[in-house]
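Structure, as structure tokens:
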Amino acid sequence: MSESTDSPSTRPYLIRALFEWCTDNGFTPYIAVLVDDSVRVPNEYVKNGEIVLNISMDATSALRLGNEYIEFKGRFGGVVRDILVPVDRVVAIYARENGQGMAFPMLASSSHAPSEGTQAHAKPAVLTSVTNSTSASDDAAEHPHHPPSPSGGGKPSLKRIK
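Okay, structure coming up:
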């Protein structure tokens with residue numbers, strides 16, 4: 007019995023589920039995104055080809071977690087910007103307060119859509135901790151660019167459990 011290569015990705019469903027889990031438990035949902043030409047975010051906040059976005063209801067307006075795209079309006083340095091993130095560019099979603107969440111496999115090509123069947127067979131990993139993160143869309147939470155971290159430190163560090 008073989009798995010169909012045109013199965014829809016589970017990624018958008020898992021993102022929505024973890025977003026709901028964060029919201030229901032009073033946590034702040036963050037997404038880590040690999041940035042390329044298909045991602046519409048303020049480039050001045052992109053570091054090493056990645057950006058971390060606060061997607062909480064307090065930090066966004068008109069949030070839409072669709073099957074193809076995550077769309078919202080967010081404030082960056084006090085200026086409202088339209089954000090568009092293809093779901094396949096999201097590499098993790100996690101709670102800022104405790105780092106719990108899920109990481110997704112990186113795509114084989116960072117500038118093109120995944121080849122047929124790539125996502126259908128990829129398995130997400132569970133995050134056990136994120137040591138620190140910076141968010142470009144955190145104005146609504148009154149901590150622009152440097153939200154508090156659960157354990158201090160610099161760049162986010164993800165530990166994957168398979």
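Quick note on the numbering used here: the sequence shown kicks off at 7 and runs consecutively.
The C-beta atom is built at its ideal place from N, Cα and C for all residues, glycine as well.
In this structure, DSSP gives Val52 a state outside helix and strand, which the three-state scheme calls coil. Looking only at Gly32, Thr29, Tyr51 and Trp27, the smallest Cα-Cα distance to Ala38 is reached by Tyr51.
Annotation for Arg70: the continuous beta strand (DSSP E) segment containing it runs Thr66 to Leu71. Around the beta carbon of Asn54, a 10 Å sphere encloses fewer than 16 other beta carbons of the protein chains shown; the residue is thus reported as exposed.
With a cutoff of 7 Å on beta-carbon distance, Pro48 and Tyr75 are scored as not near each other. As the crow flies, the alpha-carbon of Gln106 is around 15 Å from that of Val58. Rounded to the nearest whole angstrom, the C-alpha separation of Tyr19 and Asn73 is 7 Å. Residue burial is scored here from C-beta neighbours: Gly80 has at least 16 other C-beta atoms within 10 angstroms and is therefore classed as buried.
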